[in-house]
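Residue 30 in numbering that gives the first Met the number 0 sits at position 31 of the sequence shown; the count goes up by one each step and never skips.
Ideal placement from N, C-alpha and C gives every residue a C-beta, glycine not left out.
What you are looking at is a predicted structure, and each value in this text was computed from that prediction instead of being measured.
Have a look at the structure below, then the notes.
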Amino acid sequence: MRRSLRVAIAVLALAATAAPADSPTAALRSAVDAVLKILEDPALRGDARVKERRLALSRVAEQAFDFPEIARRVLGRYWRERTVGEREEFTTLFRELLERTYSSLLDRFGGEKVVYLDESVDGDFARVQTNILTPRGTVVRVAYSMLEHDGRWLIVDISVENVSYVVNYRSQFNEIIQASSFPALVKRLRAKTEELRRAESTRARGRTE
Numbered sequence: 000m001r002r003s004l005r006v007a008i009a010v011l012a013l014a015a016t017a018a019p020a021d022s023p024t025a026a027l028r029s030a031v032d033a034v035l036k037i038l039e040d041p042a043l044r045g046d047a048r049v050k051e052r053r054l055a056l057s058r059v060a061e062q063a064f065d066f067p068e069i070a071r072r073v074l075g076r077y078w079r080e081r082t083v084g085e086r087e088e089f090t091t092l093f094r095e096l097l098e099r100t101y102s103s104l105l106d107r108f109g110g111e112k113v114v115y116l117d118e119s120v121d122g123d124f125a126r127v128q129t130n131i132l133t134p135r136g137t138v139v140r141v142a143y144s145m146l147e148h149d150g151r152w153l154i155v156d157i158s159v160e161n162v163s164y165v166v167n168y169r170s171q172f173n174e175i176i177q178a179s180s181f182p183a184l185v186k187r188l189r190a191k192t193e194e195l196r197r198a199e200s201t202r203a204r205g206r207t208e
């Protein structure tokens with residue numbers, strides 16, 4: 000299951016540039032092609048280019064994910080209790096955590112194939128079903144939840160073998176808030192993102208020294 004989740008995290012990051020499209024599936028297809036182009040660019044390969052590669056992925060991610068909506072869903076009932084400033088800070092920290100985590104995992108992504116199965120659309124909500132085929136022949140079922148916003152289909156959740164990432168994060172964050180407080184959760188997010196920043200800098204510096 001852990002391997003399946005790792006594969007799905009990488010695939011989520013692959014869906015990082017959903018340009019306007021006729022359908023959710025078409026948006027997802029174009030997203031995969033665009034990010035693969037970044038990953039295959041010789042000028043962005045290797046640890047020496049880790050920062051440039053992450054920034055390139057971050058720019059296209061801005062066009063693919065509805066980060067405020069994802070943050071709202073992850074925080075659940077605690078979202079209503081937060082001030083505008085708290086919501087903005089949480090959204091920013093959570094987005095950076097996702098982008099840095101997925102960017103790092105993408106460096107180990109290779110050989111997996113995406114098979115698009117079907118989609119269901121209900122108003123401005125859609126769910127796209129896919130299978131991820133690993134080099135070892137394993138099949139991982141991955142479903143994307145998407146919302147239409149200004150003619151664009153944006154990702155708001157991903158489920159791997161029926162396990163939702165939003166639900167998983169919400170469970171973890173709720174435990175922290177209930178055991179301590181919302182400021183304690185924010186403190187942990189700050190510490191984690193700073194840890195990821197240092198790791199990125201170390202990788203880049205190690206290749207240039």
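**Message:** Taking only three categories from DSSP, how would you classify residue 128?
**Reply:** Sequence index remark: in the sequence shown, residue 128 carries index 129 (1-based). Look at residue 128 here: in three-state DSSP terms it is strand.
**Asked** So residue 120 and residue 141 are in contact, right, with Cβ under 8 Å, and what is the actual spacing, rounded?
**Response** Position 121 of the sequence shown, counted from the start, is the residue given in the question as residue 120. Position 142 of the sequence shown, counted from the start, is the residue given in the question as residue 141. Not confirmed; about 18 Å, so no contact.
**Item:** DSSP beta-bridge partners of residue 152
**Value:** Position 153 of the sequence shown holds residue 152. Residue 152 is bridged to 147.
**Asked** In chain order, which alpha helix (DSSP H) runs of at least 4 residues are fully inside the region 16 to 53?
**Response** Fully enclosed alpha helix (DSSP H) runs of 4 or longer: 23 to 38.
**Prompt:** When the distance is taken between beta carbons, is residue 154 closer than 8 Å to residue 93?
**Reply:** Position 94 of the sequence shown, counted from the start, is the residue given in the question as residue 93. Position 155 of the sequence shown, counted from the start, is the residue given in the question as residue 154. Between residue 93 and residue 154, the CB-CB gap reaches or exceeds 8 Å.
**Asked** Cα separation between residue 20 and residue 44?
**Response** To locate residue 20, count along the sequence shown from 1; it is residue 21. To locate residue 44, count along the sequence shown from 1; it is residue 45. In this prediction, residue 20 scores a pLDDT of 48, lower than 50, which makes its location untrustworthy; the coordinate-derived value is nonetheless stated afterwards. The alpha-carbon separation between residue 20 and residue 44 amounts to approximately 29 Å.
**Request:** Using a threshold of 8 Å, state whether the C-beta atoms of residue 126 and residue 102 are closer than that.
**Result:** By one-based count along the sequence shown, residue 126 stands at place 127. By one-based count along the sequence shown, residue 102 stands at place 103. Residue 126 places its beta carbon 8 Å or farther from that of residue 102.
**Request:** Report the rounded CA-to-CA distance for residue 117 versus residue 129, giving the unit in angstroms.
**Result:** By one-based count along the sequence shown, residue 117 stands at place 118. By one-based count along the sequence shown, residue 129 stands at place 130. Those two C-alpha atoms are separated by around 7 Å.
**Prompt:** Which first and last residues belong to the beta strand (DSSP E) in which residue 170 is found?
**Reply:** Here residue 170 is taken as the residue at index 171 of the sequence shown, counted from 1. Looking at the DSSP string, residue 170 is not in any beta strand (DSSP E); the run it does join, the alpha helix (DSSP H), is 164 to 178.
**Asked** Is it buried or exposed for residue 198, if we count other Cβ within 10 angstroms and need 16 for buried?
**Response** The residue given as residue 198 occupies position 199 in the sequence shown. With fewer than 16 Cβ atoms within 10 Å of its Cβ, residue 198 is classed as exposed.
**Prompt:** Helix or strand or just coil, what does DSSP make of residue 55?
**Reply:** Locating residue 55 in the sequence shown gives position 56, counting from the first residue. In the structure shown, residue 55 sits in a helix (DSSP, three-state: H, G or I).
**Request:** Please report the residue range of the beta strand (DSSP E) in which residue 111 lies.
**Result:** The residue labelled residue 111 in the question sits at position 112 within the sequence shown. Unbroken run through residue 111: none, as it is neither H nor E.
**Asked** Is it buried or exposed for residue 194, if we count other Cβ within 10 angstroms and need 16 for buried?
**Response** Within the sequence shown, numbered from 1, the residue matching residue 194 stands at position 195. Around the Cβ of residue 194, a 10 Å sphere holds fewer than 16 other Cβ atoms; the residue is exposed.
**Message:** Taking a contact to mean a Cβ-Cβ separation below 8 Å, would you say residue 98 touches residue 57 in this structure?
**Reply:** Mapped onto the sequence shown, residue 98 falls at position 99. Mapped onto the sequence shown, residue 57 falls at position 58. Their beta carbons are under 8 Å apart, which means residue 98 touches residue 57 by this criterion.
**Request:** Mind reading off the beta-carbon distance from residue 36 to residue 203? Whole number of angstroms is fine, and I expect it under 8 Å.
**Result:** Here residue 36 corresponds to residue number 37 of the sequence shown, with the count starting at 1. Here residue 203 corresponds to residue number 204 of the sequence shown, with the count starting at 1. Incorrect: roughly 22 Å between the Cβ atoms, too far for contact.
**Item:** Residue from 113, 54 and 124 with nearest C-alpha to residue 22
**Value:** Numbered from its first residue, the sequence shown carries residue 22 at position 23. With distances taken between Cα atoms, residue 22 lies closest to 124.
**Prompt:** Straight-line CA distance for residue 66 to residue 83?
**Reply:** Working through the sequence shown from its first residue, we reach residue 66 at position 67. Working through the sequence shown from its first residue, we reach residue 83 at position 84. Residue 66 and residue 83 have their alpha carbons spaced roughly 15 Å apart.
**Message:** According to DSSP, is residue 160 part of a helix, a strand, or is it coil?
**Reply:** The sequence position of residue 160 within the sequence shown is 161, counting from 1. Three-state DSSP puts residue 160 in coil, outside helix and strand.
**Message:** Going by DSSP in three states, residue 70 sits in which element: helix, strand or coil?
**Reply:** Sequence index remark: in the sequence shown, residue 70 carries index 71 (1-based). Correct three-state label for residue 70: helix.
**Message:** So the candidates are 52, 122, 34 and 75; which of them puts its Cα closest to the Cα of residue 177?
**Reply:** Counted from its first residue, the sequence shown places residue 177 at position 178. Per the C-alpha coordinates, the member of 52, 122, 34 and 75 positioned closest to residue 177 is 75.
**Counted within 10 angstroms of its Cβ, other Cβ atoms place residue 210 as buried (16 or more) or exposed** = Residue coverage of the chain in this structure runs from 0 to 208, which leaves residue 210 outside it and unanswerable.
**Item:** Length of the line joining the Cα atoms of residue 174 and residue 196
**Value:** As a working note, residue 174 is residue 175 in the sequence shown. As a working note, residue 196 is residue 197 in the sequence shown. Rounded to the nearest angstrom, the two C-alpha atoms are 25 Å apart.
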